[in-house]
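A.B. asks: In my numbering, the protein residues as written are 22 to 259. Glycine included, each C-beta is placed from N, C-alpha and C at the ideal position. Small disclaimer: the values here were computed from a predicted structure and weren't measured. Sharing a structure, written as structure tokens. Questions coming.
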């Protein structure tokens, strides 16, 4: 059993969140049991979750961990979740959530960055192989001004990146251009984010923050609307 799961104690008050659906599903409950990488949650009310949904289980006490997993079984108010990853809870009002922004990005190099950026935003393809595009985990910070995600060190501060992004609840994929404003090595420590099962060996070593320099109005509106969806869902269970 991963060491991180040892801090998820039975009878602990938790929240179970799925933000990949509209409206988001956020329910309170109690951790009723744990066996290996399998958690059993007793919800306070009737379950709206479905098998196969990707969810986060967050301890409501300060300093708890956040567990990412997949709903495997539902029996009334009891929901079973197969854990996929354990990460530390973050000290922020609206922490990063799974099932969020789908992103592909390409780091530009050479002297014609501005020309390539304009070409990209005009709808033209970039002459490069698919292997040069990177797809970080959608579990990330986001706002209408930028993104912060985890990945290998594929860029440097000041680099320009081309982006494709999709917001939950929106069918459209948007193009954007951004500038890398921060690349920080992750100090995971004893409470490190830990991969489980298929995620083993895939932890990214850096947090990368980018600031949008060119983002369509419709994409900005979709990001803003998604933020409000999350805030309204959280306020609804407060």
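Of the choices 239, 232, 206, whose alpha-carbon is the least far from that of residue 188?
C.D. replies: 239
A.B. asks: In chain order, which beta strand (DSSP E) runs of at least 3 residues are fully inside the stretch 153 to 188?
C.D. replies: 167 to 172, 181 to 187
A.B. asks: Around the Cβ of residue 194, are there at least 16 other Cβ atoms within 10 angstroms (buried) or fewer (exposed)?
C.D. replies: Taking every protein chain shown into account, the CB of residue 194 has fewer than 16 other CB atoms within 10 angstroms, so this residue is exposed.
A.B. asks: Please classify residue 211 as buried or exposed, where buried requires at least 16 neighbouring CB atoms within 10 angstroms.
C.D. replies: Because residue 211 carries a pLDDT of 42, less than 50, the predicted location of this residue cannot be relied on, and no value is offered for it.
A.B. asks: Determine which residues share a DSSP beta bridge with residue 247 and list them.
C.D. replies: Its beta-bridge partners do not exist; DSSP assigns none.
A.B. asks: What is the DSSP secondary structure of residue 134, counted as helix, strand or coil?
C.D. replies: Note: residue 134 maps to helix in three-state DSSP.
A.B. asks: Going by C-alpha to C-alpha distance, which of 226, 67, 172, 90 sits closest to residue 124?
C.D. replies: Nearest of 226, 67, 172, 90 to residue 124, Cα basis: 172.
A.B. asks: Between the alpha carbons of residue 157 and residue 127, how many angstroms are there, rounded?
C.D. replies: 11 Å
A.B. asks: With distance defined between alpha-carbon atoms, name the residue in 41, 97, 47, 42 nearest to residue 61.
C.D. replies: 97
A.B. asks: Taking the straight line between their C-alpha atoms, what separation do you get for residue 235 and residue 57?
C.D. replies: A direct Cα-to-Cα measurement between residue 235 and residue 57 gives close to 46 Å.
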